[in-house]
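In this text, residue positions in the sequence shown follow the working numbering: the first is 3, and each later residue adds one.
A short worksheet on the structure shown next.
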Amino acid sequence: MIRVLKAGPLTTVQDLGRPGYGHLAVPCSGAADRGALIRANRRVGNFDGAAGLEMTLSGGRFEFQAPTVIALCGAQMPATLDRIAVAADTAIRVAAGQILDVGAARLGVRGYLAVAGGIRARTVLGSRSTDLLTGLGPAPLRAADVLETDTLYALPPQPPAAAAPLQTHLVLRYCAGPRHQRFAPTALDHLRGAPYTVSPHSNRIGVRLQGAALAQPEGDEQDSEGLQPGAIQVPTSGQPLVFLYDHPVTGGYPVIGVVLAEDLSGLAQARPGSTLEFERVED
3 MIRVLKAGPL TTVQDLGRPG YGHLAVPCSG AADRGALIRA NRRVGNFDGA
53 AGLEMTLSGG RFEFQAPTVI ALCGAQMPAT LDRIAVAADT AIRVAAGQIL
103 DVGAARLGVR GYLAVAGGIR ARTVLGSRST DLLTGLGPAP LRAADVLETD
153 TLYALPPQPP AAAAPLQTHL VLRYCAGPRH QRFAPTALDH LRGAPYTVSP
203 HSNRIGVRLQ GAALAQPEGD EQDSEGLQPG AIQVPTSGQP LVFLYDHPVT
253 GGYPVIGVVL AEDLSGLAQA RPGSTLEFER VED
């Protein structure tokens with residue numbers, strides 16, 4: 003078991019989510035930086051979708067009550083084990099009674115802690131993930147919580163997933179969205195050519211951007227339609243937002259494009275004030 007001595011500003015249990023339930027108004031959810039969670043799981047011998055901890059902007063303090071193996075990946079968060087610095091992106095053996103301290107992120111937003119066997123939590127629709135939009139899954143961690151882990155799977159050694167470099171400027175590749183043709187050419191040009199800044203009003207639901215305003219299509223208001231992770235929605239302000247994995251399953255604002263899934267991990271690590279630009283790829 004793991005005792006939470008300090009939870010950090012937002013630490014949640016995440017796996018790879020619960021896809022396929024949009025018809026029930028349930029978004030996919032799961033780790034915002036999927037590559038980082040997979041990499042951490044492989045370091046400790048878990049299967050890719052085992053549940054770990056997602057720590058936002060700052061980590062926490064955890065006491066391990068049994069020997070185990072852990073790994074830290076994702077945002078650059080300095081960590082110590084019994085006040086001795088430990089490296090990220092590697093397997094770390096932990097003895098019973100040792101305390102892990104994970105500090106504030108120096109680069110990136112979300113760090114991931116994987117524990118051999120994975121975090122045990124109640125499964126809802128096939129996932130243990132915390133969904134901030136619907137409230138499904140376990141509540142965000144608080145001090146004095148006690149976490150259990152599953153039995154060690156003892157998988158054969160796996161090559162770690164490639165680490166996506168953390169950057170302060172991103173290029174997000176996107177395909178045309180379902181309402182792309184309704185936008186004026188000027189709006190499309192702005193999306194492709196103007197730099198945007200990540201707003202502090204961003205979270206696991208979506209990343210809000212500040213920059214060139216995109217004029218909404220003229221004509222009748224459209225009906226709500228389905229959304230997916232990566233959808234670039236344009237509200238009445240004209241400031242686009244890109245949905246992450248806790249997104250609403252429907253929306254009434256037009257979607258001008260959809261960011262490729264491979265680029266969402268980098269976006270999930272973009273701090274407020276980071277800049278990005280969009281690059282259209284073939285549909």
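No residue lacks a Cβ here, since even glycine has one placed at the ideal position from N, Cα and C.
Examine the Cβ distances between the region 10-21 and the region 70-79 and report whether three or more of them are shorter than 8 Å. By the criterion of at least three beta-carbon pairs nearer than 8 Å, the region 10-21 is not in contact with the region 70-79.
For the alpha helix (DSSP H) that contains leucine 269, what are its first and last residues? Unbroken alpha helix (DSSP H) run through leucine 269: 266-270.
Three-way DSSP call (helix, strand, coil) for alanine 87 in this model: Looking at alanine 87 - three-state DSSP - the assignment turns out to be strand.
Assigned secondary structure, arginine 63 (DSSP; H/G/I helix, E/B strand, else coil): Strand.
Quick check for students: name the residue ranges of the beta strand (DSSP E) that lie wholly in the region 203-266, counting only runs of 3 or more. As far as the region 203-266 is concerned, its whole beta strand (DSSP E) runs of at least 3 residues are 208-213, 233-235, 243-245, 257-261.
For glycine 61 versus isoleucine 121, is the C-beta distance shorter than 8 Å? The answer is no: Cβ separation not under 8 Å.
Go through its chain and collect everything with a Cβ distance to leucine 269's Cβ below 8 Å, but skip five positions before and after it. Excluding positions up to five away in sequence, the list reads Leu172, Leu174, Val209, Val244, Leu246, Val261, Leu278.
Is it right to say glycine 47 is buried, meaning 16 or more other beta carbons lie within 10 angstroms of its own, or is it exposed? Buried, because 16 or more other Cβ atoms sit within 10 Å of the Cβ of glycine 47.
Between Ile86, Thr238, Ala27, Gly105, which lies nearest to glutamate 227 when the distance is taken from Cα to Cα? It is Ala27 whose Cα lies nearest to the Cα of glutamate 227.
Residue span of the beta strand (DSSP E) that contains histidine 171, given as start and end: 171-178 is the span of the beta strand (DSSP E), which, as asked, contains histidine 171.
DSSP on arginine 5, reduced to helix/strand/coil? Reduced to three states, the DSSP call for arginine 5 is strand.
Going straight from the alpha carbon of arginine 85 to that of arginine 112, what length do you get? Approximately 22 Å between the Cα atoms of the pair.
So what does glycine 113 bridge to, in DSSP terms? BP columns for glycine 113 point to Met57, Gly76.
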